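> If you scroll down you'll find the structure; I have some questions about it.
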Amino acid sequence: MANVKLLPSYLIMVFYLVHRVSALSCYECSSKEDVTTCGETLAPSHNLEPVNCSHIRNPQYCIKKTGLFEGVLGTSRFCSSKDFGNYCELVTRPGDERQYYACVYTCSGNACNPASIKKLSVLLLLMSVLLVASH
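When you line the sequence shown up against mature numbering (1 follows the signal peptide of the UniProt record, and there is no 0), it's residues -23 to -1, 1 to 112, in that order.
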């Protein structure tokens, strides 16, 4: 009988996990808008949250690009349905004496651009504690 009482809790947890797994989430930012938050590396204490990629058709990848954007060196992170690959190249613009490296990093896991410290979902943690405590 105790298992029947726990069924709604199990169903909620399964629904939540399936939803989390089925929806890709990536960091989305541009150093053009916020150089302190969206630098080449994210500080462990950053406040940037992964964004659900449902606004992209068939999202499969998280992308991080570093390079020249509108004349300024910077970083961009976003969701994509296209695999941009992983590479760096030395770029020289015509008429410019300066050279710079432009890099692209593609990954297919949640919040993998970069995959800094994984944050444990508070809801999942709470549900797990309640289920363990009820046994």
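We treat Cβ as the ideally placed atom computed from N, Cα and C, and that holds for glycine. These numbers were taken from a predicted model, which means no experiment stands behind them.
Under 6 angstroms Cβ to Cβ from D60, same chain only, skipping five residues before and after it: list those, please.
Y38 and T83
> Among the residues of its own chain, which have a CB less than 8 angstroms from the CB of Y77, if the five just before and after it don't count?
Answer for Y77: G44, L45, L50, L67 and V68, listed in chain order.
> From the DSSP output, read off the bridge partner residues of residue 201.
This structure leaves residue 201 out entirely; the chain is present only between -23 and 112.
> Under a Cβ-count criterion, where at least 16 other Cβ atoms within 10 Å of its own Cβ denotes burial, should K41 be classed as buried or exposed?
buried
> For I33, which residues in the same chain have their Cβ closer than 8 angstroms to its Cβ, ignoring the five residues on either side in sequence?
C56, S57 and S58
> What is the DSSP secondary structure of L103, counted as helix, strand or coil?
Here the model assigns L103 a pLDDT of 49, short of 50, so the residue's position is not dependable, and the following value carries that caveat. Reduced to three states, the DSSP call for L103 is helix.
> I think A88 touches C3, with their Cβ atoms under 8 angstroms apart; what is that distance to the nearest whole Å?
6 angstroms
> Quick check on this structure: which residue in H23, E10 and A(-1) has the alpha carbon closest to the alpha carbon of N29?
It is A(-1) whose Cα lies nearest to the Cα of N29.
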